[in-house]
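Undergrad:
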Amino acid sequence: MVSVLRSRGLLLAAPRESLLRPAFRKALPPPPPPPPPLHHQHHDLLLLLLRRNLSCARSPPMEAAEPYIFGPYKIDPMEVFYSTPLSYAMVNLRPVLPGHVLVCSRREVKRFIDLTTDETNDLWLTAKEVGRRLEDYHKASSLTFTIQDGPQAGQTVPHVHIHILPRRMGDFEKNDEIYDAIDEKEKELKEKLDLDKERKDRTKGEMAHEASEYRALFS
Numbered sequence: 001m002v003s004v005l006r007s008r009g010l011l012l013a014a015p016r017e018s019l020l021r022p023a024f025r026k027a028l029p030p031p032p033p034p035p036p037p038l039h040h041q042h043h044d045l046l047l048l049l050l051r052r053n054l055s056c057a058r059s060p061p062m063e064a065a066e067p068y069i070f071g072p073y074k075i076d077p078m079e080v081f082y083s084t085p086l087s088y089a090m091v092n093l094r095p096v097l098p099g100h101v102l103v104c105s106r107r108e109v110k111r112f113i114d115l116t117t118d119e120t121n122d123l124w125l126t127a128k129e130v131g132r133r134l135e136d137y138h139k140a141s142s143l144t145f146t147i148q149d150g151p152q153a154g155q156t157v158p159h160v161h162i163h164i165l166p167r168r169m170g171d172f173e174k175n176d177e178i179y180d181a182i183d184e185k186e187k188e189l190k191e192k193l194d195l196d197k198e199r200k201d202r203t204k205g206e207m208a209h210e211a212s213e214y215r216a217l218f219s
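When the letters of the sequence shown are read in order and numbered with the UniProt record's numbering, they come out as residues 1 to 219.
#1: Counting along the chain, where does the beta strand (DSSP E) carrying lysine 128 start and finish?
#2: Can you tell which of Ala211, Ala216, Phe218 and Ser219 has its C-alpha closest to the C-alpha of valine 80?
#3: Kindly indicate which three-state DSSP category lysine 74 falls into: helix, strand or coil?
#4: What's the gap between the Cα of residue 223 and the Cα of valine 160?
#5: Put arginine 52 into one of helix, strand or coil per three-state DSSP.
#6: Would you tell me roughly how many angstroms separate the C-alpha atoms of glycine 164 and leucine 143, rounded to the nearest one?
#7: Suppose contacts are defined by Cβ-Cβ distances below 8 Å. Is serine 83 in contact with serine 105 by that definition?
#8: Any contact between the segment 119 to 137 and the segment 94 to 104? By contact I mean 3 or more CB pairs, one from each, below 8 Å.
#9: Rounded to whole angstroms, what's the CA-CA distance from arginine 94 to threonine 117? Just pull it up for me.
#10: Decide if threonine 126 is buried, meaning its Cβ has at least 16 other Cβ atoms within 10 Å, or exposed.
#11: Hey, could you find the ends of the beta strand (DSSP E) arginine 167 is sitting in?
#12: Are the Cβ atoms of isoleucine 69 and glutamate 108 separated by less than 8 Å?
#13: If you reduce the DSSP assignment to three classes, tell me which class phenylalanine 112 lands in.
#14: I think methionine 90 touches isoleucine 75, with their Cβ atoms under 8 Å apart; what is that distance to the nearest whole Å?
#15: Using only the alpha-carbon positions, how far apart do glutamate 213 and tryptophan 124 sit?
#16: Determine the extent of the beta strand (DSSP E) in which alanine 89 is found, giving its start and end residues.
#17: Would you call the CB atoms of glycine 170 and arginine 111 closer than 8 Å?
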């Protein structure tokens, strides 16, 4: 097609502009969407971390990829009611008081001083959270946190763990007697784990039931 121009009485034919263009042009891809604002990225990261924490709390610890170990012993996941990547909490074979539980490092570490900074922080943050919920659950008014760090301190299982005991008025005639009781139960715990014989005062079913009730506190 051409366009007609009039110049000095003459008719001139000129090609249309469209004919001067290439017959085919390669379509350009659409530009990428702009990145989200920085505050949105921070918001998404916080949501991801929150979902991770909620998943950690709500998911039964028995689904952990690695088994729970306590010194040289393997712990039944049904007895674990809370866990993080660095710590876990389990019910006690022979509790001194109702709600007496143990918070242990996930890694097998014999002495408190050998924990990494992250493990130390996580262990105590886990103990704090577990203690807070168990104190409310058992309608207690105080908490005892204790570590037996080394054999001369009463540690019989060579694995860092914190004893947590919800306390009430008058649960011991003399408050310091509780530490003697913890020492005694620590010895009994090792004997039971070593012998692996029939448990007289707490069955696996009873311990699993208690762990299930505590697990619900974190859902």
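Heads up, the beta-carbon is just placed ideally off N, CA and C, and yes, glycines get one too.
TA: Per the coordinate set shown:
#1: Unbroken run through lysine 128 is the alpha helix (DSSP H), 117 to 137; no beta strand (DSSP E).
#2: Ala211
#3: strand
#4: Nothing can be reported for residue 223: it is not among the residues displayed for the chain, which extend from 1 to 219.
#5: At arginine 52, the pLDDT of 45 sits below 50, so the modelled position is not reliable and the matter cannot be decided from this model.
#6: Sequence inspection shows isoleucine at residue 164; the glycine mentioned does not correspond to that position. When rounded, the distance between both Cα atoms is 7 Å.
#7: no
#8: yes
#9: 31 Å
#10: buried
#11: 161 to 167
#12: yes
#13: helix
#14: 6 Å
#15: 22 Å
#16: 87 to 91
#17: no
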